[in-house]
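Q: Here's a structure for you.
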Amino acid sequence: MDNLSSTYDLLGLSTKSTGGKISKVRFDNTKQEFESNEVLFATGSWDTPKENTLLLWNVEQVSFGLGEQPSLTFSVLGKTTHEGDVTDMRFIGDNILLTSSSNGSLNAFQIINTNTSDFMDQSVGTSNYQLQMIMNRRLHSFTDTKNASLNSFAIKPHSINDPLVATVGEDGRIVIVRIEDSVKDHVIEDADASSIKAILWPRSNEIILANGCGQLRIFDPRENKPTTICHDPINIRVPINCLAFHPSKVHKVASGNNKGGVTIWDTRKLTEPEKHAQPHNSRDGTIGAVNFADFTPTFSSQDSMNAVKGQNVTIRKIGFKSNELPINSIDYHPHSKLLISGGDNENLLYTLI
8 MDNLSSTYDL
18 LGLSTKSTGG
28 KISKVRFDNT
38 KQEFESNEVL
48 FATGSWDTPK
58 ENTLLLWNVE
68 QVSFGLGEQP
78 SLTFSVLGKT
88 THEGDVTDMR
98 FIGDNILLTS
108 SSNGSLNAFQ
118 IINTNTSDFM
128 DQSVGTSNYQ
138 LQMIMNRRLH
148 SFTDTKNASL
158 NSFAIKPHSI
168 NDPLVATVGE
178 DGRIVIVRIE
188 DSVKDHVIED
198 ADASSIKAIL
208 WPRSNEIILA
218 NGCGQLRIFD
228 PRENKPTTIC
238 HDPINIRVPI
248 NCLAFHPSKV
258 HKVASGNNKG
268 GVTIWDTRKL
278 TEPEKHAQPH
288 NSRDGTIGAV
298 NFADFTPTFS
308 SQDSMNAVKG
318 QNVTIRKIGF
328 KSNELPINSI
338 DYHPHSKLLI
348 SGGDNENLLY
358 TLI
């Protein structure tokens, strides 16, 4: 990594208390209401002594004039308990929020506008929405009596009206189910010998997994064996925790690992990763925005397996001085230019960028 240089531009985050450690934050991107100043998102908790919770939030932006930073007002619209830690979360059509749990279950919650104020909590606000559970399916386990965490899920492209969902977990299995069907559509029992940490479903015939051994595995969902297995030669056997793909170039995939590294892959040619940066010193309590635009790859025959290195990577660090606890999840709303995150400091962290 000697050839990798970075510049840092520290930008501050604002905070709002949530009363618990946050494991996931997700915007509701199912509605394209560009004329509205209101944005919905959800937060899920983990490691809560009594019970974990889901919160449905609204944030309203009020602009004061050209060049002025908008004022943000956050309100909690709804709240419900969640069995187990929230490990993943996504809004889908018809006002439904899907979550996965550390107890191995996939859950669906219907968001209902009740126009009442039954829920009152002075620490987070007043609610007129109800989060009603409409599905709870235990999909991952080690044995009949021992659950395995469901770590992540992905939805098949273009199946949003009748969602086909692929789930992965600590048991090394892929389970594919339909939301409306009580029967498992397909199970790949031995997808991985280690824990599967994250999953993507960028194309109908392509599922991408990341595991605890630092590998990416690509499957055709109709088959039981991976078509491709690859790893990051710079971070051999370092667990990969998260995956994302480019919204218009789905062959471009980013992965993040346990040591705070980010790697860019091209799934069309996985002999080696394309780019790499190190925006974090492990769990440093910051958000890193990496600009790979000026990345210049360098290869050496003496490098371990031709490891990708490079120069001129710009890393913008976002955080605040008093936080040294992990940030577990981030999401960005392009229309409102709002970045939100949550972590172990029991605060919702946000900024406009």
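Using the working numbering, the first residue of the sequence shown is number 8, and each one after it goes up by one. Positions of the beta carbon are idealized from the N, C-alpha and C atoms, including for glycine.
#1: DSSP state of ARG290, grouped into three classes?
#2: Kindly indicate which three-state DSSP category ALA173 falls into: helix, strand or coil?
#3: Which residue wins for smallest C-alpha separation from ASP351, given the options THR358, ILE334 and TYR357?
#4: Just the Cα atoms here: how many angstroms apart are GLY267 and HIS287?
#5: Run through DSSP, which three-state label would GLN139 get?
#6: Short check: CB of GLY111 to CB of THR60, under 8 angstroms?
#7: Would you check if the distance between the CB atom of VAL297 and the CB atom of VAL260 is smaller than 8 angstroms?
#8: The beta strand (DSSP E) that contains GLU213, what's its start and end?
#9: Thinking just about the alpha-carbon of each residue, which of GLY100, ASN231, THR88 and LYS86 is nearest to the one in ASN36?
#10: Would you give the residue range spanned by the beta strand (DSSP E) that ALA284 belongs to?
#11: Go ahead and pull the three-state DSSP assignment for THR55.
#12: GLY292: which of ALA284, LYS324 and GLY263 sits nearest, CA to CA?
#13: Are THR174 and LEU146 close, meaning C-beta to C-beta below 8 angstroms?
#14: So, TRP64 versus LEU79, is the Cβ gap smaller than 8 angstroms?
#15: Tell me the DSSP secondary structure of PRO246 in three-state form.
#16: Could you give the distance in angstroms between the alpha-carbon of VAL182 and the alpha-carbon of LYS256?
#17: If you draw a straight line from the alpha carbon of ASN265 to that of GLY221, how long is it in whole angstroms?
#18: From SER24, SER30, LEU62 and PHE48, pick the residue whose C-alpha is nearest to that of LEU346; which is it?
#19: Could you tell me the alpha carbon to alpha carbon distance between ILE29 and THR152, rounded to whole angstroms?
#20: Who are the near neighbours of GLY19 in its chain, counting only those whose CB is closer than 8 angstroms to its CB and skipping five residues on each side?
#21: Per DSSP, which one or two residues make a beta bridge with LEU79?
#22: Could you tell me the alpha carbon to alpha carbon distance between GLU42 and GLN76, rounded to whole angstroms?
#23: Between the beta-carbon of SER201 and the beta-carbon of GLY179, is there less than 8 angstroms?
#24: Using 8 angstroms as the threshold, is the C-beta distance between ALA164 and SER211 below it?
#25: Strictly by DSSP, which residues pair up with GLY350?
#26: Going by DSSP in three states, GLU45 sits in which element: helix, strand or coil?
#27: Who are the Cβ neighbours of ASP192 in its own chain at under 8 angstroms, not counting the five residues just before and after it?
#28: Under three-state DSSP, which class holds HIS258?
#29: Can you pull the DSSP bridge partners for LYS23?
#30: In three-state DSSP terms, what is ASP35?
#31: Any idea what DSSP makes of THR278, helix, strand or coil?
A: On the basis of the data shown:
#1: coil
#2: strand
#3: ILE334
#4: 4 angstroms
#5: strand
#6: With respect to the 8 angstroms criterion, GLY111 and THR60 are not classified as neighbours on the basis of their beta carbons.
#7: no
#8: 213 to 218
#9: GLY100
#10: Start and end: 282 to 284.
#11: coil
#12: LYS324
#13: yes
#14: Inclusion of TRP64 and LEU79 in the CB contact set at 8 angstroms is not warranted, their separation being larger than that value.
#15: coil
#16: 26 angstroms
#17: 9 angstroms
#18: PHE48
#19: 28 angstroms
#20: ILE325, GLY326, PHE327 and THR358
#21: GLN68
#22: Unreliable placement is indicated for GLU42, whose pLDDT of 48 sits below 50; no coordinate value is reported for it.
#23: A contact, by the Cβ cut-off of 8 angstroms.
#24: Sequence inspection shows Pro at residue 164; the Ala mentioned does not correspond to that position. Contact flag set, yes.
#25: ILE334
#26: strand
#27: LEU171, ILE183, VAL184 and ARG185
#28: coil
#29: LEU355
#30: coil
#31: The three-state secondary structure of THR278, taken from DSSP, is coil.
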